[in-house]
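The structure appears below as structure tokens.
Chains as they are written, first to last, in the working numbering: chain A, 3 to 412; chain B, 3 to 412.
Put into structure tokens, the structure is as follows:
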């Protein structure tokens with residue numbers, strides 16, 4: 003079962019908004035065994051909607067459309083779909099009275115434009131949108147399904163979960179899609195590929211291997227499309243077991259558990275606490291941990307000590323050492339980690355101090371130089387890393403290295 | 003001048019990663035006057051790459067492709083492009099020696115796979131990738147340009163900014179694309195549309211109006227494609243001036259820069275300094291500021307005071323007040339802001355303390371309750387905000403509210 007996702011809206015094409023809907027829908031379709039063949043974003047143009055729909059229906063059985071369902075003149079998806087299906091727009095009483103109530107609860111008058119939102123193509127099945135004024139619509143012709151959903155992410159997500167996914171699962175006989183991802187760390191992608199080349203060449207045909215490199219991490223994903231889920235999951239387990247014998251030192255974890263998730267789990271399971279002191283990563287490490295629900299159990303404190311005075315006053319770093327060795331130095335990284343471990347009264351601490359650029363580098367300490375400090379109940383130390391040349395890259399890599407170094411020393 | 007953006011990678015189609023490249027490229031092309039007609043994401047399939055490229059070249063003059071340039075077998079973009087252009091892959095000495103140096107700096111051996119990354123189609127112009135191992139490639143046939151870039155976001159960004167944008171601007175005679183967005187608040191979309199209907203009907207043909215609704219905000223964007231920039235910008239100013247007369251109470255401002263960019267600029271221009279104290283936002287505010295080059299001039303310190311002890315020990319919050327009023331309270335928010343303003347020796351400070359969930363809420367203080375504190379040379383205060391129901395949404399909204407509240411009080 004193949005599908006195409008179409009997102010409609012000039013605001014996507016000009017880059018005013020980030021299209022997160024496509025990703026959400028992709029994940030939902032993959033979970034129930036619907037393969038996403040293509041995702042495409044087009045403007046609010048009737049001609050473009052029609053030609054894209056023609057193409058999508060030629061290559062797939064299911065088409066999910068989001069966007070262009072607002073009450074104003076720039077939104078034309080519904081009218082275009084009505085013409086596409088030679089269907090008249092009719093007033094839907096249920097939608098109309100729901101929208102009227104919804105607006106009344108928010109103290110908003112029901113206008114002619116809102117009335118227009120309750121007009122739907124006669125041939126479609128209306129999908130109730132409990133969170134907004136534009137209903138979802140399900141069209142079917144020649145055994146192929148087209149679903150039109152509002153572009154507001156929150157409304158779209160509820161319609162996908164509550165209506166589209168169960169309806170597709172009932173309407174079609176779906177096989178399984180299986181993805182499993184192993185996380186490796188410490189071996190660069192090209193070296194890793196050589197070490198596992200024989201294993202890769204001998205993979206069963208049904209399994210597809212993908213390399214997903216990120217700072218200091220390479221994820222290996224095995225995917226199988228439209229298969230018997232149970233037997234393929236066993237097959238993947240077997241293949242990953244073989245890998246454990248080939249690169250035992252590099253395997254960090256499975257699925258999409260990130261290294262911060264592994265630290266998070268370890269801290270919670272072992273009842274230990276964590277604090278972080280950041281200079282060049284500027285809060286990115288703290289943000290990674292605190293983004294996870296339940297971090298408050300173990301995450302005591304983060305300090306973004308950008309200025310030297312903050313390093314001294316908040317973390318107790320020795321100002322003489324800063325002057326003698328520089329803020330980007332082994333001793334300062336160690337003192338930062340020890341300082342925040344003390345200030346945050348925690349068992350573990352990690353620190354970063356480096357040059358994120360674009361300015362501030364020197365011959366001796368070029369942009370990208372980062373010292374990472376770790377303080378544990380057993381003692382403290384620091385490691386020097388070159389984290390690249392671009393500011394956002396340096397922040398990302400230093401964040402990843404720091405979390406990995408911490409994890410390795412738990 | 004029309005363009006199509008193609009992102010290649012199964013990881014996009016299955017929803018494993020969010021495609022942020024398309025947005026960045028869309029913005030860059032719009033800035034130089036290249037209209038983006040379509041954005042499409044496809045898998046690592048030669049057949050699909052060829053058919054999508056055929057279609058893209060039929061509908062546009064410029065095609066930008068990202069992804070599928072890694073050293074491993076799952077990446078096939080380069081080989082497919084070589085066949086598409088009937089061009090042989092040849093070893094590029096410059097790329098080869100650069101990759102070798104780049105890897106040597108990171109202490110990584112140069113392997114046969116890396117050598118493969120220096121093989122490029124003979125017919126293309128190589129675009130130097132200063133930040134990674136896969137070069138960009140510029141193809142040209144029948145006056146139409148196809149550019150292939152690596153999918154790693156920061157490598158792609160540098161290639162767009164340093165090579166693709168200047169080369170397109172030189173290669174083609176480009177007209178201007180103008181977008182300007184007015185932010186309104188307090189009038190629901192359907193009511194707003196009725197109030198400005200006459201104005202909308204009388205807009206010059208060259209201007210296109212779009213409504214972009216969000217909770218309590220409707221943004222109105224006027225766009226003009228491939229025009230004389232100067233005269234159209236004046237035209238848009240005139241039209242927005244008229245709107246000021248029609249909905250004077252609803253206009254909040256214009257969207258030209260993010261609020262953190264406005265604060266960044268203000269701090270630098272006025273020689274003032276900033277510190278932040280975060281509880282529920284967990285470092286996200288600090289990370290937003292420190293992501294911007296030059297933040298070290300004014301950003302002194304951030305404290306992520308997740309535990310009550312950290313609030314007391316690092317920020318000097320009164321523990322009796324935490325016990326009496328709770329950590330999520332007006333007085334704690336104010337004391338956090340004042341505490342970090344003092345600890346960071348800075349002119350301004352902002353703080354957050356709230357319940358990010360999913361647990362920890364109560365009837366009186368449900369999940370999403372956030373107090374935001376601001377401390378300035380003139381004094382300090384705090385504001386209560388409800389930031390939603392979902393953890394990441396709450397962190398994002400609280401971050402945005404806090405930066406906005408700070409900006410309003412500079």
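A virtual CB, placed ideally from N, CA and C, is assigned to each residue, including glycine. Nothing here was measured: the structure is a model prediction, and the numbers come from that model.
If we define contact as Cβ-Cβ less than 8 Å, is residue 141/A a contact residue for chain B?
no
Quick check on this structure: which residue in 381/B, 385/B, 392/B has the alpha carbon closest to the alpha carbon of residue 370/B?
Nearest option by C-alpha distance: 392/B.
Does the beta carbon of residue 243/A come closer than 8 Å to any beta carbon on chain B?
No, residue 243/A does not count as interfacial toward chain B.
Quick one: what does DSSP say residue 74/B is sitting in, helix, strand or coil?
coil
Chain B contacts made by the segment 204–224 of chain A, where a contact means CB separation under 8 Å
210, 211, 212, 213, 214, 215, 223
Is the beta carbon of residue 122/A closer than 8 Å to that of residue 139/A?
yes
Go ahead and label residue 1/B buried or exposed: buried means 16 or more other beta carbons lie within 10 angstroms of its beta carbon, across all protein chains shown.
Given a span of 3 to 412 for chain B in the structure shown, any question on residue 1/B remains unanswerable.
Does DSSP put residue 206/B in a helix, in a strand, or in coil?
coil
Interface residues of chain A around residue 315/B at Cβ under 7 Å?
345
Output, in chain order, the set of chain A residues within a Cβ distance shorter than 9 Å of residue 70/B.
Those within 9 Å of residue 70/B in chain A number zero; the least Cβ separation is about 11 Å.
Here's the rule I'm using: 16 or more other beta-carbon atoms within 10 Å means buried, otherwise exposed. How should residue 218/A be labelled?
buried
Residues of its chain near residue 324/A, where Cβ-Cβ distance is below 7 Å and the 5 sequence neighbours each way are ignored
Excluding sequence neighbours, residue 324/A sits near 310, 313, 334.
Whole angstroms are fine: how far does the CA of residue 373/B sit from the CA of residue 90/A?
51 Å
Any idea what DSSP makes of residue 377/A, helix, strand or coil?
In the structure shown, residue 377/A sits in a strand (DSSP, three-state: E or B).
What residues from chain A crowd round residue 43/B, counting only those whose CB sits closer than 8 Å?
24, 40, 41, 42
Quick one: what's got a C-beta closer than 6 Å to residue 238/A's C-beta in the same chain, skipping five residues either side?
182, 224, listed in sequence order.
Between which residues of its own chain and residue 287/B is the CB-CB distance below 8 Å, once the five residues before and five after are set aside?
278, 280, 304, 352, 354, 401, 404, 405
Using the beta-carbon of each residue, which ones in chain A are nearer than 8 Å to residue 305/B?
303, 304, 305, 306, 316
According to DSSP, is residue 34/A part of a helix, a strand, or is it coil?
helix
Along the chain, which unbroken stretches of the beta strand (DSSP E) at least 3 residues long are found entirely within the segment 322–384 of chain B?
Taking only runs of at least 3 residues, the beta strand (DSSP E) segments lying wholly in the segment 322–384 of chain B are 350–356, 371–378.
Go through its chain and collect everything with a Cβ distance to residue 301/B's Cβ below 7 Å, but skip five positions before and after it.
Within the same chain, residue 301/B has close Cβ partners 276, 291, 292.
With 16 as the cutoff for other CB atoms within 10 Å, does residue 248/B come out buried or exposed?
exposed
Kindly indicate which three-state DSSP category residue 42/B falls into: helix, strand or coil?
strand
Where DSSP assigns a beta bridge to residue 414/A, which residues make up the other side?
This structure cannot settle anything about residue 414/A, because the visible part of chain A is limited to 3 through 412.
For the segment 239–311 of chain B, which segments carrying the alpha helix (DSSP H) assignment without a break, of at least 4 residues, lie completely within its bounds, in sequence order?
261–272, 286–292
Beta-carbon within less than 6 Å of residue 100/B's beta-carbon, same chain only, minus the 5 sequence neighbours each way: which residues are those?
none
Given that a residue counts as buried once 16 or more other Cβ atoms are within 10 Å of its Cβ, and exposed if not, what is residue 236/B?
exposed
So that I know if they touch, is there some Cβ in chain A lying closer than 8 Å to that of residue 29/B?
yes
List the residues of chain A whose Cβ lies closer than 7 Å to the Cβ of residue 156/B, in chain order.
392, 394, 395
Using the beta-carbon count (16 or more within 10 Å), is residue 321/A buried or exposed?
exposed
Could you compute how far the alpha carbon of residue 283/A sits from the alpha carbon of residue 296/A?
Distance from the CA atom of residue 283/A to the CA atom of residue 296/A, rounded to whole angstroms, is 23 Å.
Helix or strand or just coil, what does DSSP make of residue 52/A?
helix
Among 336/A, 63/A, 185/A, 14/A, which one has its Cα closest to the Cα of residue 173/A?
For residue 173/A, the closest alpha carbon among the candidates 336/A, 63/A, 185/A, 14/A is that of 63/A.
I'd like to know whether the C-beta atoms of residue 359/A and residue 133/B end up nearer to each other than 8 Å.
no
At 3 residues or longer, what runs of the beta strand (DSSP E) sit wholly inside the segment 118–154 of chain B?
121–123, 127–129, 138–143, 146–151
Reference residue 30/B; option with closest CA among 35/A, 18/A, 341/A
18/A
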